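For the sequence shown, my numbering begins at 933 and goes up steadily by one.
Here a beta-carbon is modelled for each residue, glycine too, at the ideal position from N, C-alpha and C.
All values derive from a computational prediction rather than experimental measurement.
As structure tokens, the structure follows; a few thoughts come after it.
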Amino acid sequence: MISQNILIAIGYFKTGSSWLDRHLFKNPSSGFIWWSDPSLRHQIVGPHPLAFDLAKCSEQIQSSIPSSLNDQIPVIALERLSGHPHSGGYDSKEIADRLIALFPKARILIVIREQKQMILSTYNQYVRASGPCSLRNYIGQPTLRGYKIPLFSLDHFAYNFLIDYYQKLFGRSNVLVLPYEQFKTDPKRFVAQILEFNGIKDCAAIVETLPYHDRVNSSLSWMATLLMGTLNPLIMKPSQLNPSPLLPLKVCNRRFVSYLQELESKLPLAILKPCNSAIKRKLMATITEVVGDYYQESNAITSELIGIDLSQYNYDLPVDYSFVAGNGTESKGNLANNQVLSSASSSKLD
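Dropping the structure here:
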């Protein structure tokens, strides 16, 4: 085991991780030091559960700890540690068990996102990575599940399960959970909480220096998503998500994406904007139909676990839910149907 105090940012995917990595965790003035060993993901996530060797893994990781700390906090930031949405987070518990065995004194950062927006963004990324399924098939119908290989699961975004497990493993005071929506609406407060959680000094000065409007890892447009989703099963370079397209090409999906983006850049905004909006509305309608009220109870439990009323961020909660803050203040009712964050949901910080 590694006794050093470190921060482990486990994701989730699609919650501003690229921005945090680039502008906070890799920033030498932020109080953090980036743990840059590219083999960390393979060492922690890769081994089969029956083949995982704790002593060997610990020895390998120990040798890669940043040598010059200068009171900086080492950071391991890997979204994959929360499980992967395309496989339903099937190994998220196994990974958590490995992390507590390897880093018993670590602090854990988890960033969550309202589930319907999360699924929409996740599907966009799935198509960009050459995934061949329609949205409805990707989300998963019961008739498609034979429990042979891991598939997308709605339960992966029932955040209370993973949060509760990490709090039990590491201790509640060592697990910080923040909603991505706070990053979009109040990024300075969001970052300040991460700094304070890690005992970093001069938080106020640090938060004033960061480029919150920098666009990192932009998503595929919805027109491109529709076109690429149609073509992926037919013509694409074989990949892990799409091993057998009808007519395999040698052109990788990244190059194909760049072709689509170049084509789009030549279309007038008068066509692009309404088309993108219409496609997004249709996809969101499918997600809303499939999800229904599936996450209401989970979100209520999550609110209590993290001490944040998630209804203020448009998360779906039971109509009669009342959140009691740490100071005893009660917030009653479900605000999930309000539109205060509708403009924020299309933020550039994705």
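Check your understanding: Thinking C-alpha only, which one of 971, 1053, 990 is nearest residue 1010?
Key -> 971
Exercise for review: Classify residue 1024 as buried or exposed, calling it buried when 16 or more other Cβ atoms lie within 10 Å of its own Cβ.
Suggested key: buried
Practice item. Could you pull the start and end residues of the alpha helix (DSSP H) that residue 1068 belongs to? Key: 1067-1071
Practice item. Could you round the C-beta distance between residue 1101 and residue 1032 to whole angstroms and report it? I think they count as a contact, below 8 Å. Key: 4 Å
Point to revise | Same chain, Cβ closer than 7 Å to residue 1183, neighbours up to 5 away in sequence not counted | key: 1169
Point to revise | residue 950: CB within 7 Å of a non-hydrogen atom of the ligand HEM | key: This structure lacks the ligand HEM; in fact it carries no ligand of any kind.
Practice item. Give the DSSP-derived three-state secondary structure of residue 941 in the structure shown. Key: strand
Review point. Does the Cβ of residue 1157 have 16 or more other Cβ atoms within 10 Å, making it buried, or fewer, making it exposed?
Key: buried
Check your understanding: If you run the structure through DSSP and keep just helix, strand and coil, what is residue 1233?
Key -> helix
Point to revise | Supposed close pair residue 1123, residue 956 - CB separation, criterion 8 Å | key: 6 Å
Practice item. Rounded to whole angstroms, what's the CA-CA distance from residue 1277 to residue 991? Just pull it up for me. Key: Note that residue 1277 has pLDDT 40, beneath the 50 cutoff, so the model's placement of it is unreliable and no number is given.
Exercise for review: Using alpha carbons as the reference points, say which of 984, 960, 1163 lies closest to residue 998.
Suggested key: 960
Review point. Residues bridged to residue 966 by DSSP?
Key: 1007
Exercise for review: Would you mind stating whether residue 1014 and residue 1185 have Cβ atoms separated by less than 8 Å?
Suggested key: no
Practice item. Determine the direct distance from the alpha carbon of residue 1016 to that of residue 969, and round the result to whole angstroms. Key: 20 Å
Practice item. Report yes if the CB atom of residue 981 is closer than 8 Å to the CB atom of residue 1046, and no otherwise. Key: no
**Study point:** Exposure label - residue 1244; buried when at least 16 CB within 10 Å
**Key:** buried
Review point. From this set, 1040, 1082, 1037, 1002, which residue's C-alpha is nearest residue 1022's C-alpha?
Key: 1082
Point to revise | Whole-angstrom distance between residue 1248 and residue 1117, CA atom to CA atom | key: 18 Å
**Study point:** residue 883 vs residue 1148 beta-carbon contact at 8 Å
**Key:** What is shown of the chain runs 933 to 1282, which leaves residue 883 out entirely.
Review point. If you run the structure through DSSP and keep just helix, strand and coil, what is residue 1219?
Key: helix
Exercise for review: Would you identify the three-state DSSP class for residue 1127, choosing helix, strand or coil?
Suggested key: helix
Practice item. Using the Cα positions of residue 940 and residue 967, report the straight-line distance between them to the nearest angstrom. Key: 10 Å
Check your understanding: Could you check where the beta strand (DSSP E) with residue 1042 kicks off and where it finishes?
Key -> 1039-1044
**Study point:** Inside the stretch 975-1033 only - beta strand (DSSP E) runs reaching at least 3 residues
**Key:** 1005-1009
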